[in-house]
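Enquirer:
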Amino acid sequence: MPQTLKLASRASLLTRGFPEIWAELGCKAPARVIKTHKTLEDMPGPNALAFFTDLFCKRGLARLHELQIEGKARYGPVWKASFGPILTVHVAEPSLIEQVLRQEGKHPIRSDLSSWKDYRVCRGHAYGLLTAEGEEWQKIRSILGKHMLKPKEVESYTGTLNGVVSDLIRRLQHQRRQHRGWGWTDLPETPHSTPNTPPPQGLMCLTLSGFISLGISSVLFDSRIGCLEPEMPKETETFIRSINRMFVMTLLTMAMPKFLHHIFPKPWKIFCESWDYMFAFGERHIDKRISEVAEKVSRGETVEGKYLTYYLAQEKLSMKSIYGNVTELLLAGVDTISSTLSWSLYELSRHPRVQAAVHEEITGVMKGSAIPSAADVAQMPLLKAVMKESLRLYPVIPGNARVISDRDIQVGEYLIPRKTLITLCHYATSRDARFFPEPDSFRPERWLQKDASHHPYASIPFGVGKRSCIGRRIAELEVHLALARILMQFEVKPEPEGCRVRPMTRTLLVPEKDINLQFMSR
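Numbering (our numbering), first residue to last: 39 to 560.
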């Protein structure tokens, strides 16, 4: 009988469900496992071969910003793609970008920047604010934040920046005389002018890069480096070109597995040579400035500084750390601000009614005064809206990134494992018609509407939170002062028969070709 019962019990296992069996044995059935989140395996995205083909066979690296919009249209607001050896999760929805940033933790990591770090390890350089992590990053951020984020501290740079803008105005006037007959001047011909000589290619872009280099060097060193002289010093020109080459090579070196650096050494070689020159340039100017301070101290003179190298030295940072931070701040302040100013002038030249309204606002505030202050700019909402709209259309960093290193996080319906690179697709969100009607149109007035419907995270060109751009306030003041002074002096017009200029990705978002403009005296 017991044997029969045993057989029957075995048979019942085949015909009854597990809950019934657990109940018969007097045990509580285990809870049903319900999958509440999707994983990376569930996430859509292109296969590795298709994405590789897009990047390297169809100018994909130059149009990474466009791939954001294409990816969102094809896969939805969240998708994955492999960027060389790096798996990346793309997020192209403002509410989900907000969700990521609200989970970034005490010491957020912007992105791995693996090639930048590899170079520093290779050469023995210190990390700066852009590459440091953890407690080291927090210490540097706290020191620089005291001098770069407080409004009153930033306002104190107004005199320095206005001096640089004055140099820019003089440089523009000089170029107008040199290129009479091409719209650069309406002044009478002078013995030194060259009628009907076309402006050289890249004239405007080079001028603005020089202007921004001069501006950031004044903030960092309290020193001019000759950017706006009739003949730019060779070392300064090489420095600017080194920044350009480095940004071009950054995407390429990050997309290449390290073993390929030995097989195809040229990209890594150019990348390292560019950084070598930038570090050497920064070190020369830092050493010169510190030497000048030491001489004054030896003579018993009181030394006070209003520049960031001085503040870093006062904090007893090592010279390696000062070199690393100043070099990174120097490169961060060139292409970023020059691109914003270039795009702003470009769009104003194509929208004369907007330009006229901005000019009217500026002259109304200035009331005959020649040089605006930070307080004057605060009374120019349309001028500030021009910069906001330019950054919406052409965000300097089209895709920011985060790496959450300490835990898995939820993003929409997906659970993202820790240490996954998450790309925040700012270009795609800032061109989303749901938040910005006529998203491809230049409409600065949209920023003056109190009932604007755009999501606060739809256009965040400087980032948000602890890892946001530390130079934001200085950059805004520099561009505002430059735009105000230029528009007070000149009416800006497009190049005759000039074609539309479109953006391209070079780590940063920059014009795909030179922007040449006409400056007509008012």
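The C-beta atom is built at its ideal place from N, Cα and C for all residues, glycine as well.
1) Among R101, R484, A351 and M526, which one has its Cα closest to the Cα of G402?
2) When DSSP labels each residue in this structure, what does G437 get in the three-state scheme?
3) Taking R112 as the reference, which of D325, Y315 and A466 has the closest Cα?
4) Would you kindly work out how many angstroms separate the C-alpha atoms of I72 and E191, rounded to a whole number?
5) What number of angstroms, rounded off, separates the C-alpha of D205 from the C-alpha of I553?
6) What three-state label does DSSP hand Q141 in the structure shown?
7) Could you check which residue in I460, P541, F500 and A293 has the C-alpha nearest to that of I147?
8) Reducing DSSP to helix, strand and coil, say where Y165 ends up.
9) Just to check my reading of the structure: L546 and L368 have Cβ atoms closer than 8 Å, yes? What is that Cβ distance to the nearest angstrom?
10) So, helix, strand or coil for R445, using DSSP?
11) Considering only residues of the same chain and omitting the five flanking positions on each side of T196, which have a CB-CB separation below 8 Å?
12) Determine the closest residue to G172 out of I435, S380, Y384 and S443, with distance taken between C-alpha atoms.
13) Taking the beta carbon of N85 as the centre, do at least 16 other beta carbons fall within 10 Å, making it buried, or is it exposed?
14) Report, in whole angstroms, the separation of the C-beta atoms of L420 and E399, which I expect to be a contact under 8 Å.
15) Measure from the alpha carbon of L289 to the alpha carbon of each residue in P455, L99, K504 and P549, then state which is nearest.
16) Say yes only if the C-beta of D314 is nearer than 8 Å to one or more non-hydrogen atoms of the ligand NAD, and no if none qualify.
17) Would you report the Cα separation of E353 and E366, rounded to the nearest angstrom?
18) Who are the near neighbours of Q417 in its chain, counting only those whose CB is closer than 6 Å to its CB and skipping five residues on each side?
19) How would you write the range of the alpha helix (DSSP H) that T288 sits in, first residue to last?
20) With Y452 as the anchor, note down where its beta strand (DSSP E) starts and where it stops.
21) Comparing alpha-carbon positions, which option in V129, C463, G183 and S336 lies nearest R511?
22) Classify E483: buried if its beta carbon has 16 or more other beta carbons within 10 angstroms, exposed otherwise.
23) What first and last residue would you give for the beta strand (DSSP E) that runs through M186?
24) Relative to the C-alpha of M287, which residue among A423, R544, L187 and E550 is closest?
25) Measure the beta-carbon distance from D446 to R456 and round it to whole angstroms, keeping in mind my assumption that it falls under 8 Å.
26) Please name the residue or residues paired with L459 in a DSSP beta bridge.
27) Between the Cα of S387 and those of E311, T274, C463 and L521, spot the shortest distance and give me the residue it belongs to.
28) Grouping DSSP H, G and I as helix and E and B as strand, with all else coil, what is L241?
29) Taking the continuous beta strand (DSSP E) assigned at V548, which residues delimit it?
30) Tell me the residue span of the beta strand (DSSP E) that contains K531.
31) Going along the chain, which residues of its own chain have a beta-carbon closer than 7 Å to the beta-carbon of L134, five neighbours each way excluded?
32) Which residue marks the beginning of the beta strand (DSSP E) containing A119, and which one marks its end?
33) Shortest alpha-carbon distance to S153 belongs to which of V548, K307 and V396?
34) Where do the N-terminal and C-terminal ends of the alpha helix (DSSP H) with Q556 fall, by residue?
35) Would you mind reading off the limits of the alpha helix (DSSP H) that contains K358?
36) Would a C-beta distance cut-off of 9 Å place H163 and K296 closer than the cut-off?
Expert: Reading from the atomic positions:
1) One-based indexing of the sequence shown puts residue 402 at position 364. Of the candidates R101, R484, A351 and M526, M526 places its Cα closest to the Cα of G402.
2) As a working note, residue 437 is residue 399 in the sequence shown. Strand.
3) Sequence index remark: in the sequence shown, residue 112 carries index 74 (1-based). Closest in C-alpha terms to R112, from the list D325, Y315 and A466, comes A466.
4) Here residue 72 refers to the residue found at position 34 when the sequence shown is read from its first residue. Here residue 191 refers to the residue found at position 153 when the sequence shown is read from its first residue. Unreliable placement is indicated for I72, whose pLDDT of 47 sits below 50; no coordinate value is reported for it.
5) For the purposes of this step, residue 205 is taken as the residue at position 167 of the sequence shown. For the purposes of this step, residue 553 is taken as the residue at position 515 of the sequence shown. If you take the alpha carbons of D205 and I553, they lie about 20 Å apart.
6) To locate residue 141, count along the sequence shown from 1; it is residue 103. If DSSP states are grouped into helix, strand and coil, Q141 belongs with coil.
7) Mapped onto the sequence shown, residue 147 falls at position 109. The shortest Cα separation from I147 among I460, P541, F500 and A293 belongs to I460.
8) Your numbering for residue 165 matches position 127 in the sequence shown. Coil at Y165, not helix or strand.
9) Counting from one through the sequence shown, the residue named residue 546 turns up at place 508. Counting from one through the sequence shown, the residue named residue 368 turns up at place 330. Between L546 and L368, the beta carbon gap of about 15 Å keeps them out of contact (Cβ cut-off 8 Å).
10) Translated into the one-based positions of the sequence shown, residue 445 becomes position 407. Coil, per DSSP.
11) Here residue 196 refers to the residue found at position 158 of the sequence shown. The residues are S411, A412, L515 and L519.
12) On the sequence shown, position 134 is the one that residue 172 refers to. The candidate whose alpha carbon is nearest that of G172 is S443.
13) Taking the sequence shown and counting its residues from 1, one reaches residue 85 at position 47. By the 16-neighbour rule on beta-carbons within 10 angstroms, N85 is exposed.
14) As a first step, residue 420 must be located in the sequence shown, where it is residue number 382. As a first step, residue 399 must be located in the sequence shown, where it is residue number 361. With a Cβ gap of about 5 Å, L420 and E399 count as contacting.
15) For the purposes of this step, residue 289 is taken as residue 251 along the sequence shown, with counting starting at 1. Selected option, being the one with the closest Cα: L99.
16) For the ligand NAD, the structure offers nothing, since it holds no ligand at all.
17) Against the sequence shown, residue 353 aligns to sequence position 315. Against the sequence shown, residue 366 aligns to sequence position 328. E353 and E366: Cα-Cα distance of roughly 18 Å.
18) Against the sequence shown, residue 417 aligns to sequence position 379. Taking Q417 as the centre and dropping the five residues before and after it, the same chain places the C-beta of V403 closer than 6 Å to its C-beta, in chain order.
19) In the sequence shown, counting from the first residue as 1, residue 288 sits at position 250. Secondary structure note for T288: its alpha helix (DSSP H) is the uninterrupted segment K272 to A293.
20) The count along the sequence shown starts at 1 and reaches residue 452 at position 414. Note, Y452: beta strand (DSSP E), Y452 to I454.
21) Within the sequence shown, residue 511 is the residue found at index 473, counting from 1. Residue G183 is the option with its Cα nearest to R511.
22) Translated into positions along the sequence shown, residue 483 becomes position 445. Counting the other Cβ atoms within 10 Å of the Cβ of E483 gives fewer than 16, which makes it exposed.
23) Here residue 186 refers to the residue found at position 148 of the sequence shown. Annotation: M186 is outside any beta strand (DSSP E); the continuous alpha helix (DSSP H) that includes it extends over G172 to M186.
24) Taking the first residue of the sequence shown as 1, we reach residue 287 at position 249. Measuring from the Cα of M287, the nearest candidate turns out to be R544.
25) Locating residue 446 in the sequence shown gives position 408, counting from the first residue. Locating residue 456 in the sequence shown gives position 418, counting from the first residue. Yes, they are in contact, since the Cβ atoms of D446 and R456 sit about 5 Å apart, within 8 Å.
26) On the sequence shown, position 421 is the one that residue 459 refers to. Paired residues: T126 and V441.
27) Here residue 387 corresponds to residue number 349 of the sequence shown, with the count starting at 1. S387 has its Cα closest to that of L521, out of E311, T274, C463 and L521.
28) As a working mapping, residue 241 is identified with position 203 in the sequence shown. Low per-residue confidence applies at L241: pLDDT is 45, beneath 50, and the placement is therefore not dependable enough to give any value.
29) Within the sequence shown, numbered from 1, the residue matching residue 548 stands at position 510. Taken as a continuous stretch (DSSP letters only), the beta strand (DSSP E) holding V548 covers L546 to P549.
30) By 1-based counting over the sequence shown, the position of residue 531 is 493. Counted as a single uninterrupted DSSP element, the beta strand (DSSP E) harbouring K531 occupies residues F528 to P532.
31) Numbered from its first residue, the sequence shown carries residue 134 at position 96. Same-chain partners within the cutoff: P115, V116, V449 and G450.
32) Your numbering for residue 119 matches position 81 in the sequence shown. Bounds of the beta strand (DSSP E) holding A119 are V116 to F121.
33) The residue you call residue 153 lines up with position 115 of the sequence shown. Taking only the C-alpha atoms, the option nearest S153 is K307.
34) Reading the sequence shown from its first residue, position 518 is the one you call residue 556. Segment L555 to S559 is the beta strand (DSSP E) holding Q556; no alpha helix (DSSP H) there.
35) Locating residue 358 in the sequence shown gives position 320, counting from the first residue. First-last of the alpha helix (DSSP H) with K358: M357 to A370.
36) Taking the sequence shown and counting its residues from 1, one reaches residue 163 at position 125. Taking the sequence shown and counting its residues from 1, one reaches residue 296 at position 258. Not a contact, by the Cβ cut-off of 9 Å.
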